[in-house]
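What follows is a single structure, written as structure tokens, with notes after it.
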Amino acid sequence: MLSLAGCGGDGTPQGDGSASESGGVSITDSASGGTSSSGGASASASATQGTMTTEGTGTDPTAADSGDPPVVFDVGVLPDLPPVVCDGNGDGNVDIPDLSYIWISNSSQGTVSKIDTQSIVEEARYYAKQSGGDPSRTSVNLNGDVAVANRNGGVAKFWADPESCEESNGMGGLQTSTGSGDILPWGTEECLAWYLPLVCGSNRPVAWTRGVFDEQTCSWVDAKLWTVCDSNVLLINGDSGEIEETIVLDGGFPFVYGGAADADGNFWGLDTGGSRLFRVDHEDYSVLSYALPPNGGYGITVDSQGRPWVCGGGAVARFNLDDSTWTSSAGGFGGIGGCMTDGDQLIWHSNSNGMLLGFNIETLDVDEMVQLPEYVHGVSVDFYGYVWGVGFANNNAYRADPMTGIVDTYNGLTGAYTYSDMTGFALSSAGGGGVPSG
1141 MLSLAGCGGD
1151 GTPQGDGSAS
1161 ESGGVSITDS
1171 ASGGTSSSGG
1181 ASASASATQG
1191 TMTTEGTGTD
1201 PTAADSGDPP
1211 VVFDVGVLPD
1221 LPPVVCDGNG
1231 DGNVDIPDLS
1241 YIWISNSSQG
1251 TVSKIDTQSI
1261 VEEARYYAKQ
1271 SGGDPSRTSV
1281 NLNGDVAVAN
1291 RNGGVAKFWA
1301 DPESCEESNG
1311 MGGLQTSTGS
1321 GDILPWGTEE
1331 CLAWYLPLVC
1341 GSNRPVAWTR
1351 GVFDEQTCSW
1361 VDAKLWTVCD
1371 SNVLLINGDS
1381 GEIEETIVLD
1391 GGFPFVYGGA
1401 ADADGNFWGL
1411 DTGGSRLFRV
1421 DHEDYSVLSY
1431 ALPPNGGYGI
1441 TVDSQGRPWV
1451 CGGGAVARFN
1461 LDDSTWTSSA
1471 GGFGGIGGCM
1481 TDGDQLIWHS
1491 NSNGMLLGFN
1501 IETLDVDEMV
1511 QLPEYVHGVS
1521 VDFYGYVWGV
1531 GFANNNAYRA
1541 DPMTGIVDTY
1551 NGLTGAYTYS
1561 DMTGFALSSA
1571 GGGGVPSG
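Residue numbering for the sequence shown follows the numbering used here, beginning at 1141 and increasing consecutively.
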């Protein structure tokens, strides 16, 4: 089943913002209240829902707080997509996916959560490594499958669609998680596509390439996966999990904190150790490096024109491909936090007071604001136009409707920490800007 291509809809937030219920779903308030099961998924599978709806308010951008206190943490439209021709009449629509999930790492628990972005129900939770993984960044490909990097080394890929999961543990039938309270032991979960062990002091960035759309199977094929293990940039076969290329970064002691791919498959990395932005070419694996803006950067994403952005502390900076210069927003830059564009005119980022800021990608003015209950470390946009925020090492994720200001809360996470492309929307909306000049 194709996950990120479907039919119908206009790609904008819909409904009243509340979570829906379906038969056979047990409702709980937290991760500890799910129903445990040793069997496989079925029509009566137990998913987990921990939501409430709060009234948020859009705020006058002139009221933005420019005096946010510094926070020092961490440990450490769809352009250029071909039409989907899967129903025989050639009128496919890629605006609305068949499946839409946000994948959030529960770092302290060593797991990753699979949450439906429409119902806000957690449908599965998986261990990202046998033990001690400390997972963080996730990346979702255009079929909806996720790759999660463990900060202590190792990358795991999980299937989004249970129909893709295969017998692998010798137990007969399909054994797979059905919710947050049903985490199968390592080696038992059969929706694990592959696991690549890596010996790293730091394994943070992870970013899928698009691959090629196959109309015969109505899916994306030949997608690759970028990750970084210490000073080694790795290109991984997305099907087998085998390393195809290794590019060694020079320049002292790199500490690559995040990364994103453009539409052409080139990898943009944020090296906080070397205070640089770098680009690895997908064809010849050459590396270009550029100094970060004066206030540095923390999160990274690529916009619809193929331009990389860095962000942190309530401000954003755009790298201009035409002359290799930076344009930065005003405000308290130099802090932490992730960012993502809406595929159109805005890039979303949170300040330390939990205000979601929608910066215009051309003027860098704050055009829209939505107040969340707390600071969110990770920011993501889903295929329905909702903006998501993930709390810092706590149990909360928030879904904001930028059109109404309504904010929904999922409180069933466990020490969550993710600020990358958690939905796949960034990959789908990223452009290919070519080679920087200047």
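Just so you know, even glycine gets a beta-carbon here, dropped at the ideal spot from N, CA and C. Since the structure is predicted, the reported quantities are computational estimates derived from the model, not experimental observations.
Out of the options, which has the shortest C-alpha to C-alpha gap to residue i?
| i | options | result |
| --- | --- | --- |
| Gly1250 | Ile1260, Leu1239, Ala1289 | Ala1289 |
| Asp1463 | Val1286, Trp1528, Arg1447, Ala1363 | Arg1447 |
| Leu1374 | Glu1355, Leu1338, Cys1358 | Leu1338 |
| Ser1248 | Lys1269, Asp1256, Ser1279, Ala1401 | Lys1269 |
| Tyr1267 | Asp1322, Gly1413, Asn1493, Leu1428 | Asp1322 |
| Ile1476 | Gly1454, Leu1428, Phe1418, Gly1392 | Gly1454 |
| Asp1548 | Leu1239, Thr1563, Trp1528 | Trp1528 |
| Leu1553 | Leu1567, Ser1568, Val1530, Ala1566 | Val1530 |
| Ser1492 | Val1516, Met1543, Gly1498, Val1506 | Val1516 |
| Tyr1557 | Phe1407, Asp1379, Arg1344 | Arg1344 |
| Asn1535 | Glu1262, Gly1573, Pro1542, Leu1239 | Glu1262 |
| Gly1627 | Gly1525, Ala1533, Phe1532 | In the structure as shown, the chain begins at 1141 and stops at 1578. Residue 1627 is therefore absent and cannot be evaluated. |
| Ser1577 | Asp1256, Arg1419, Asn1309 | Arg1419 |
| Gly1310 | Pro1302, Gly1294, Gly1327 | Gly1327 |
| Gly1555 | Ala1537, Ser1271, Gly1312, Trp1366 | Ala1537 |
| Ile1242 | Met1480, Val1521, Ile1546, Pro1434 | Val1521 |
| Thr1386 | Asp1424, Leu1417, Gln1315 | Asp1424 |
| Glu1494 | Trp1366, Gly1452, Trp1466, Ser1468 | Rather than Glu, the amino acid found at residue 1494 in this sequence is Gly. The option with the nearest alpha carbon to Gly1494 is Gly1452. |
| Ser1342 | Asp1362, Val1368, Ser1317, Phe1353 | Val1368 |
| Gly1582 | Pro1325, Leu1314, Met1562, Glu1382 | There is simply no residue 1582 to check, as the chain begins at 1141 and stops at 1578 in what is shown. |
| Phe1353 | Leu1417, Phe1407, Ser1308, Asn1281 | Asn1281 |
| Cys1358 | Asp1238, Asn1500, Ile1260 | Asp1238 |
Over the uninterrupted beta strand (DSSP E) stretch that includes residue i, give me the two end residues.
| i | result |
| --- | --- |
| Leu1486 | 1486 to 1490 |
| Ala1136 | Look at the range of the chain in this structure, 1141 to 1578, and you will see that residue 1136 is not part of it. |
| Ser1393 | The question names Ser, but residue 1393 in the sequence shown is Phe. First-last for Phe1393: undefined, no H or E at that position. |
| Ala1540 | 1537 to 1540 |
| Lys1254 | 1251 to 1256 |
| Ala1264 | 1261 to 1267 |
| Gly1452 | 1448 to 1452 |
| Glu1423 | Premise fails: Glu1423 is in no beta strand (DSSP E) and is neither H nor E. |
| Arg1277 | 1275 to 1280 |
| Arg1287 | The question names Arg, but residue 1287 is Ala in the sequence shown. Ala1287 -> beta strand (DSSP E) spans 1286 to 1290. |
| Leu1410 | 1407 to 1411 |
| Gly1483 | That residue, Gly1483, is in no beta strand (DSSP E); it is neither H nor E in DSSP. |
| Thr1503 | Taken as a continuous stretch (DSSP letters only), Thr1503 belongs to no beta strand (DSSP E), as it is neither H nor E. |
| Thr1549 | 1546 to 1550 |
| Tyr1241 | 1241 to 1246 |
| Ile1440 | 1439 to 1442 |
| Ser1468 | 1465 to 1468 |
Less than 8 Å between the beta carbons of residue i and residue j, yes or no?
| i | j | result |
| --- | --- | --- |
| Ser1253 | Ser1320 | yes |
| Glu1306 | Glu1330 | yes |
| Val1442 | Ala1400 | yes |
| Ser1279 | Ala1347 | yes |
| Thr1571 | Gln1445 | Position check: residue 1571 holds Gly in this sequence, whereas Thr was assumed. Yes, these two residues count as a Cβ contact at 8 Å. |
| Ala1540 | Leu1512 | yes |
| His1489 | Val1519 | yes |
| Leu1389 | Val1450 | no |
| Ala1333 | Lys1364 | no |
| Thr1412 | Phe1393 | no |
| Val1286 | Ala1300 | yes |
| Arg1277 | Leu1567 | no |
| Gly1436 | Ser1415 | yes |
| His1422 | Gly1409 | no |
| Gly1483 | Ser1560 | no |
| Asp1340 | Asp1379 | Note that residue 1340 is Cys in the sequence shown, not Asp. Taking 8 Å as the Cβ cut-off, Cys1340 and Asp1379 do not qualify as a contacting pair. |
| Gly1574 | Leu1497 | no |
| Trp1366 | Asn1283 | no |
| Leu1336 | Gly1391 | no |
| Tyr1438 | Ile1255 | no |
| Ser1245 | Thr1257 | no |
Starting from residue i, follow its DSSP beta bridges and name the residues at the other end.
| i | result |
| --- | --- |
| Gly1531 | Val1516 |
| Glu1385 | Leu1375 |
| Tyr1430 | Leu1417 |
| Arg1398 | Sequence inspection shows Gly at residue 1398; the Arg mentioned does not correspond to that position. In DSSP, Gly1398 forms a bridge with Leu1410. |
| Met1495 | Gln1511 |
| Ala1556 | Asn1246, Asn1534 |
Which residues mark the beginning and the end of the alpha helix (DSSP H) in which residue i is found?
| i | result |
| --- | --- |
| Ser1569 | 1565 to 1569 |
How about residue i: is its Cβ closer than 7 Å to a heavy atom in the ligand HEM?
| i | result |
| --- | --- |
| Tyr1526 | The ligand HEM is not part of the structure shown, which contains no ligands of any sort. |
Segments assigned beta strand (DSSP E), at least 3 residues, entirely inside the stretch 1298 to 1364: Taken in chain order, the complete beta strand (DSSP E) segments of 3 or more residues contained in the stretch 1298 to 1364 are 1332 to 1336, 1346 to 1348, 1352 to 1354, 1359 to 1361.
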